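S.K.:
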Amino acid sequence: MELKWLRTFLLTAKLQNYRKVAESLHMTQPAISSHIKLLEQSLGASLFRKEGRRITLTSFGRSFIPEAQSLIAHYEDMMHRTSRMQQGYNSSLSIAITPLLVDSVFPAILRKFAEDHPEVELEITVAESFDLQELVEDAKVDVALSCLKSTSVHMSCVNLVDEPISLVIAHDGWDTETAPVLDPVELMATSIIFTDHHPSYWPSLKQQIRDNVSSYRFVKVSQSHAAKRFILEGMGVSFLPLFTARREIQEGRLLPVETPFLELPTSSIFALFNSDDQKISGFVDYLRRFKVT
Numbered sequence: 001m002e003l004k005w006l007r008t009f010l011l012t013a014k015l016q017n018y019r020k021v022a023e024s025l026h027m028t029q030p031a032i033s034s035h036i037k038l039l040e041q042s043l044g045a046s047l048f049r050k051e052g053r054r055i056t057l058t059s060f061g062r063s064f065i066p067e068a069q070s071l072i073a074h075y076e077d078m079m080h081r082t083s084r085m086q087q088g089y090n091s092s093l094s095i096a097i098t099p100l101l102v103d104s105v106f107p108a109i110l111r112k113f114a115e116d117h118p119e120v121e122l123e124i125t126v127a128e129s130f131d132l133q134e135l136v137e138d139a140k141v142d143v144a145l146s147c148l149k150s151t152s153v154h155m156s157c158v159n160l161v162d163e164p165i166s167l168v169i170a171h172d173g174w175d176t177e178t179a180p181v182l183d184p185v186e187l188m189a190t191s192i193i194f195t196d197h198h199p200s201y202w203p204s205l206k207q208q209i210r211d212n213v214s215s216y217r218f219v220k221v222s223q224s225h226a227a228k229r230f231i232l233e234g235m236g237v238s239f240l241p242l243f244t245a246r247r248e249i250q251e252g253r254l255l256p257v258e259t260p261f262l263e264l265p266t267s268s269i270f271a272l273f274n275s276d277d278q279k280i281s282g283f284v285d286y287l288r289r290f291k292v293t
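So in the numbering used here, spot 292 of the sequence shown is number 292, and the numbers just go up one at a time.
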């Protein structure tokens, strides 16, 4: 029994049309038919029956689908583990992160972790904070780094950092000694304010802006890195966690503006995980040491 026969069988079971299977696999129809016949001979039972030009699964064929899927999954898992060993890995760590962290110094911290732990194979998933808890609960990832605190009493939730947020604008080109005083109220009244790219602090922040700015224009942007890009292009302003804009501020491309009349919230990053596995707790401790930001 060959793996290619199993793959051909599963696609044929799905499409139930030799022509479509042949087109999908870039093979001839006789070759598809040959794979099925060889697999049937190996199993000693028929997988399909012909009804005119149509083919349908036999009862044995239907019952064999999960067996074929299991055999392929086992083979692929074996090949993955073999590849890991050949590359020097003896363990793996799957991490889910928000786009907010992708656009921060986190990739540099991750690179440092990989350098310090060459035996650990890293797998990275990028997802919104609203989806991260479910990924951990379903054991699809080992640990998630989220802007939202866990709502599950059964899940470990470690606060990695509380970072201040700030009104951020495109740099106006002035140096600190000769720059005119910036009026944050005027800036917000005359600029588009990009909002809702953080899952927790925007509802209360928008209400504060309404209470303190007579004229404003909100535009929702789903992700912080997009809001930052729009600010860099001079399209508007926004409130960002400073760690997402620190590099651009240091490079003189963005400028933080004080807003003393607002009670600005902080942006928190939480590590969510189920297991007490030493590998996971060690990774979380590593992040706490570098403070993610």
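Beta carbons are placed, not taken as given, at the ideal position from N, Cα and C, and that holds for glycine.
The structure displayed is predicted, hence computed values, not measured ones.
Considering Cα atoms alone, identify which of GLU248, ASP211, THR244 and MET188 is closest to LEU219.
M.R.: What sits at residue 219 in the sequence shown is Val, not Leu. The shortest Cα separation from VAL219 among GLU248, ASP211, THR244 and MET188 belongs to MET188.
S.K.: Please go through the same chain and pick out, in chain order, the residues whose beta-carbon is closer than 6 Å to the beta-carbon of PHE261, but skip the five residues on each side of it.
M.R.: ASN212
S.K.: Provide the residue span of the alpha helix (DSSP H) that contains SER222, from first to last.
M.R.: No alpha helix (DSSP H) contains SER222, which DSSP labels as neither H nor E.
S.K.: Are there 16 or more other CB atoms within 10 angstroms of the CB of ILE269, so buried, or fewer, so exposed?
M.R.: buried
S.K.: Report the rounded CA-to-CA distance for GLN16 versus GLU40, giving the unit in angstroms.
M.R.: 16 Å
S.K.: Grab me the residues of PRO180's own chain with a C-beta within less than 8 Å of its C-beta, minus the 5 sequence neighbours each way, in chain order.
M.R.: TRP174
S.K.: Keeping to the same chain, check which residues put their C-beta closer than 6 Å to that of LEU255; ignore five residues upstream and five downstream.
M.R.: Closer than 6 Å at the Cβ level, and outside the excluded window around LEU255, lie ILE169 and HIS171.
S.K.: In chain order, what are the residue ranges of uninterrupted beta strand (DSSP E) at least 3 long that sit wholly in the region 235 to 261?
M.R.: Complete beta strand (DSSP E) runs here, min 3: 237 to 241 and 254 to 257.
S.K.: Hey, out of VAL161, ASP196 and PHE64, whose CA is closest to HIS225's CA?
M.R.: ASP196
S.K.: Measuring alpha carbon to alpha carbon, tell me which of GLU134, SER146, LEU167 and SER152 ends up nearest ASN159.
M.R.: SER146
S.K.: Roughly how many angstroms lie between the CA atoms of ARG288 and ALA13, to the nearest whole one?
M.R.: Looking at the two C-alpha atoms, the distance is approximately 50 Å.
S.K.: Please list the segments of the alpha helix (DSSP H) lying wholly inside the region 2 to 36, counting only runs of 4 or more residues, in order along the chain.
M.R.: Complete alpha helix (DSSP H) runs here, min 4: 3 to 15 and 18 to 25.
S.K.: Look at the alpha carbon of TYR216 and the alpha carbon of ALA271, and state the distance between them as a whole number of angstroms.
M.R.: 35 Å
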